[in-house]
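Written below as structure tokens is the structure these notes are about.
In my numbering, the protein residues as written are 8 to 123.
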């Protein structure tokens with residue numbers, strides 16, 4: 008069973024930075040894509056930033072502020088979030104996908120709160 012465990016969330020002031028981590032229970036090179044989604048209270052889960060090979064897919068709201076990286080030796084994917092805004096407050100979920108067969112795995116989420 009594949010497990011994804013996120014960490015790094017917390018309370019940060021507007022303009023601040025956080026780095027989220029997602030550790031997978033298997034070699035992350037097994038996945039065709041990995042990325043991050045978020046869900047704010049009362050809203051649907053939305054894509055933040057995903058990576059598949061060299062392709063990056065960003066939500067417009069995070070372009071220029073968020074980046075994704077990986078450390079295959081640690082089976083870890085990171086989300087670096089800079090210049091955080093109040094509207095970035097949400098639970099952030101790590102996602103890993105295999106295209107064939109079509110499989111999608113989720114972490115349990117980590118809370119990010121941006122508040123002054």
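Glycine included, each C-beta is placed from N, C-alpha and C at the ideal position.
What's the gap between the Cα of residue 84 and the Cα of residue 122?
On the chain shown, position 77 is the one that residue 84 refers to. On the chain shown, position 115 is the one that residue 122 refers to. Looking at the two C-alpha atoms, the distance is approximately 25 Å.
In this structure, does DSSP put residue 90 in helix, strand or coil?
Here residue 90 is taken as the residue at index 83 of the chain shown, counted from 1. In the three-state DSSP reduction, residue 90 falls in the coil class, being neither helix nor strand.
Going by alpha carbons, who is nearest to residue 46 out of 56, 110, 100 and 62?
In the chain shown, the residue the question calls residue 46 occupies position 39. Nearest of 56, 110, 100 and 62 to residue 46, Cα basis: 100.
Collapsed DSSP secondary structure at residue 102 in the structure displayed
Within the chain shown, residue 102 is the residue found at index 95, counting from 1. Strand at residue 102.
Please report the distance separating the alpha-carbon of residue 53 from that of residue 103.
Here residue 53 is taken as the residue at index 46 of the chain shown, counted from 1. Here residue 103 is taken as the residue at index 96 of the chain shown, counted from 1. C-alpha separation (whole angstroms): 15 Å.
Tell me the residue span of the beta strand (DSSP E) that contains residue 58.
One-based indexing of the chain shown puts residue 58 at position 51. In the DSSP assignment, residue 58 falls within the beta strand (DSSP E) that extends over 53-59.
On a Cα-Cα basis, can you pick out the residue from 73, 98 and 92 that is closest to residue 51?
For the purposes of this step, residue 51 is taken as residue 44 along the chain shown, with counting starting at 1. Put simply, of 73, 98 and 92 the residue whose alpha carbon is nearest the alpha carbon of residue 51 is 98.
Check whether the segment 27-42 and the segment 72-87 are in contact - that is, three or more C-beta pairs closer than 8 Å.
Enough Cβ pairs lie closer than 8 Å, so yes.
For residue 9, which three-state DSSP category applies?
The count along the chain shown starts at 1 and reaches residue 9 at position 2. In the three-state scheme derived from DSSP, where H, G and I count as helix and E and B as strand, residue 9 is classed as coil.
Would you say residue 91 and residue 25 are within 8 Å of each other, going by their C-beta atoms?
One-based indexing of the chain shown puts residue 91 at position 84. One-based indexing of the chain shown puts residue 25 at position 18. Between residue 91 and residue 25, the C-beta gap is smaller than 8 Å, which places the two residues in contact.
Measure the alpha-carbon distance for residue 13 versus residue 56 and round it to whole angstroms.
Working through the chain shown from its first residue, we reach residue 13 at position 6. Working through the chain shown from its first residue, we reach residue 56 at position 49. Answer to the nearest angstrom: the Cα atoms are 15 Å apart.
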